[in-house]
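My numbering puts the first residue of the sequence shown at 27, with every later residue one more than the last.
Where is the CB? At the ideal position from N, CA and C, for every residue including glycine.
Everything numeric in this text was worked out from a predicted model, so none of it was measured.
What follows is a set of notes on a single structure, which appears directly below.
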Amino acid sequence: MQGLTAKHVANISGEAMGGITKEHVLNIPTEAFAGLKSEHLENIVPELIADFGVSHLELLPNEVVHNLTTEHFQHLNRESFQQLPDKHKSRMFVNVDIVKIAPEELQDLIPEGWNINPENGKIMPSEGVP
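Shown next, in the form of structure tokens:
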């Protein structure tokens, strides 16, 4: 597994990703997670996202973030998320599908000083956050 790259992961079928385990998450090179696709996410047990560390979360493609479900966010490792640099938190919030996930469901992830825009439901970063 150590030689696995993002390109390799991108070429794995969605069905095959249904067999991924915590051991895989911990042993696949973090950089390989940049190859995840939405079809992979559909087949990964949502509880596994609890094993995603800061580096995994930083590398999640926007398409994958957009397709995260409420169940994925319920299992998200809060400590890892809070350790993300603000630019990555902002990227994740911008790419969340607010049609599928109400921003209020993410309330415990929203950093201090950030707000939910009452007009459009978007989560807005503090001033100065890229």
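Give the single residue among P137, E130 and K148 whose Cα lies nearest to the Cα of N121.
-> K148
Write down every uninterrupted run of the alpha helix (DSSP H) in the stretch 64-123 whose length is 4 residues or greater and which is fully enclosed by it, in chain order.
-> 64-67, 80-85, 88-92, 96-101, 104-109 and 112-121
Could you tell me if P111 is buried or exposed, where buried requires 16 or more neighbouring beta carbons within 10 angstroms of its beta carbon?
-> exposed
Given A13, which residues of its chain have a CB within under 8 Å of its CB, disregarding the five upstream and five downstream residues?
-> Because the chain spans 27 through 156 in this model, residue 13 falls outside it and cannot be assessed.
Look at the Cβ atom of L62, then the Cβ atom of V80, and state whether they are nearer than 8 Å.
-> no
Sorted by chain position, which residues of the same chain lie with C-beta nearer than 8 Å to E131's C-beta, five sequence neighbours on each side aside?
-> T96 and F99
Cross-strand partners of N43 (DSSP beta bridge) = The amino acid occupying residue 43 in the given sequence is Met; Asn does not appear at that position. According to DSSP, which records beta bridges pairwise, M43 is partnered with nothing at all.
Taking N37 as the reference, which of I54, T56, H66 and T47 has the closest Cα?
-> H66
Cα-Cα, which of A60, S116 and H101 is closest to T31?
-> A60
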